[in-house]
Structures are given as C-alpha cells and as structure tokens.
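S.K.:
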Amino acid sequence: ETGVTQTPRHLVMGMTNKKSLKCEQHLGHNAMYWYKQSAKKPLELMFVYNFKEQTENNSVPSRFSPECPNSSHLFLHLHTLQPEDSALYLCASSQVRGTGGMETQYFGPGTRLLVL
Amino acid sequence: RKEVEQDPGPFNVPEGATVAFNCTYSNSASQSFFWYRQDCRKEPKLLMSVYSSGNEDGRFTAQLNRASQYISLLIRDSKLSDSATYLCVVNRANDMRFGAGTRLTVKP
C-alpha cells in the first residue's frame, strides 16, 4: 500500500544533529498529521495541518518543527533532540469535511527514530 | 483520567475463540469512533468505524454506548492472523485520541 509514504524508515541521530522526516500522501486528502508513538504509550498527536495551515500544536517542544509546503507533503524538522525523543513517528492524512467532520485517518509506515 | 482507556491485556486465546475488547472515553462531545489494528512494528490501520446502532463486518462486531461512553469490539472465530494490538480511537473536531491498545495473541 502506498497511500501515505514516509522517509526515512529508520534514523539514528546524535543530540547535536539536524535531520528531517518526510511524509507524502497520494490520497487527495486535505489534512495531515504528525504523531509520536513511544513504547507502551498511546499515540500522541503532535501537529495538525488543514489545507496547509497548522491548526494544532499539542505543546510539542520547539526542537520539533513541522513544515507543510502543500497538501500532499509534510515535513518534521528535528534539531538538538534528546534520547527520550526516540520513538516511532507516524504521519497520517485524512479528508476533513466543511462541517468539521472528518473521515478516518490513514497512516504511513512511520520513521523509527533513535537519538543517541 | 486518560481520555481513552483500554484494558492493555494481553489476551491469549485459542483459535476459534470469541474475544471481546472494551474501551471507555471521557469526552462526551466525542463525535466519531473507530477501531484500528496495529501489527508489531507496523503502522495502525483502520479495522472498522463504530456506529451508534452497532455494526458488523464479517467476524467483527462493534458497539457504541454514548450514554455510558463505552465502545466494544467482538471478534468471533479467532484466527491466528487476528494477533495484533487493537486501538480504540475517539474523534472530536478533527482531534483523534487513541487508547494505548489491547494486545491479542491467538494461539493454535
């Protein structure tokens, strides 16, 4: 399935590095999301973009910086991360209706990040 | 209190068994409800939406009780391939909240 793709699939970085995660959706959706999934914890919503505008930032530290250049692409820029940021980072997309309703979200395969 | 609570399990059942998962949510304004399935080291995938009237998809039956803020998933005639973590998901105004998941292992 290639509806939502993410690169890289695995990433190891030091605390002083700068890297970016990329997500692309091929489903014609108008909303995209970043989630963090740590071991034995629920998925945590990080950022939401509707029609390329950021509509939600769930108290995410500034060392995570999202970018949404168009409705099909989403980036997560990483800098000076901490070891506790090691997790699976999942991108998702959905179609948001004008009434505020939302169809279900489709997830990419995730980027497994390890911060040393 | 967590927004979405699930029994973490694990549930270990033999093939052919019937197993039920429960989920409760705290926000009464929640609008839509889903069950997702997540295999080990894979992304979550939609299993089924949950409707107020209850809905069935093959061996899977989902129920919603808005008054009690309770969602359930019933799996009949379990298969080995049903082994996964099942995530209860509650949506309000484009804000999806996930439970921590219930792990199911179906054994031969």
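Those protein sequences? They're chains A and B, same order as listed.
27 is the number of the first residue of the first sequence in the numbering used here; add one for each residue after it.
11 is the number of the first residue of the second sequence in the numbering used here; add one for each residue after it.
We put the CB at the ideal spot given by N, CA and C, even for glycine.
Flag residue 53 of chain B as yes if its beta-carbon sits less than 8 Å from any beta-carbon of chain A, otherwise no.
M.R.: One-based indexing of the second sequence puts residue 53 of chain B at position 43. True, the Cβ-Cβ gap to chain A drops below 8 Å.
S.K.: Should the stretch 51–69 of chain A be regarded as contacting the stretch 33–43 of chain A, the criterion being three or more beta carbon pairs within less than 8 Å?
M.R.: Counting Cβ pairs under 8 Å, fewer than three are found: no touch.
S.K.: For residue 103 of chain A, is the classification buried or exposed, using 16 other Cβ atoms within 10 angstroms of its Cβ as the cut-off for buried?
M.R.: The residue given as residue 103 of chain A occupies position 77 in the first sequence. Flag for residue 103 of chain A reads exposed.
S.K.: Using a Cβ-Cβ cutoff of 9 Å, what residues of the stretch 49–72 of chain A are near chain B? List them in chain order.
M.R.: Cβ contacts with chain B come from 57, 59, 61, 63, 66, 67, 68, 69, 70 and 71.
S.K.: Quick check on the burial criterion: 16 or more other C-beta atoms within 10 angstroms. Buried or exposed for residue 107 of chain B?
M.R.: Taking the second sequence and counting its residues from 1, the one referred to as residue 107 of chain B is at position 97. Answer is buried; the Cβ neighbour count reaches 16.
S.K.: Quick test of the definition: if touching needs 3 or more C-beta pairs under 8 Å, does the stretch 104–116 of chain A touch the stretch 28–43 of chain B?
M.R.: Too few Cβ pairs lie closer than 8 Å, so no.
S.K.: Rounding to the nearest angstrom, what Cα-Cα distance links residue 88 of chain A and residue 84 of chain B in this structure?
M.R.: Within the first sequence, residue 88 of chain A is the residue found at index 62, counting from 1. Within the second sequence, residue 84 of chain B is the residue found at index 74, counting from 1. Cα to Cα, the separation comes out at about 42 Å.
S.K.: Which residues mark the beginning and the end of the beta strand (DSSP E) in which residue 65 of chain B is found?
M.R.: Sequence index remark: in the second sequence, residue 65 of chain B carries index 55 (1-based). That run of the beta strand (DSSP E) goes 65–67.
S.K.: Anyone know if the C-beta pair for residue 106 of chain A and residue 56 of chain B falls short of 8 Å?
M.R.: For this step, residue 106 of chain A is matched to residue 80 along the first sequence. For this step, residue 56 of chain B is matched to residue 46 along the second sequence. Contact: no.
S.K.: How would you call residue 80 of chain B, buried or exposed, if buried means at least 16 neighbouring beta carbons within 10 angstroms?
M.R.: Position 70 of the second sequence, counting from 1, holds the residue named residue 80 of chain B. It counts as exposed.
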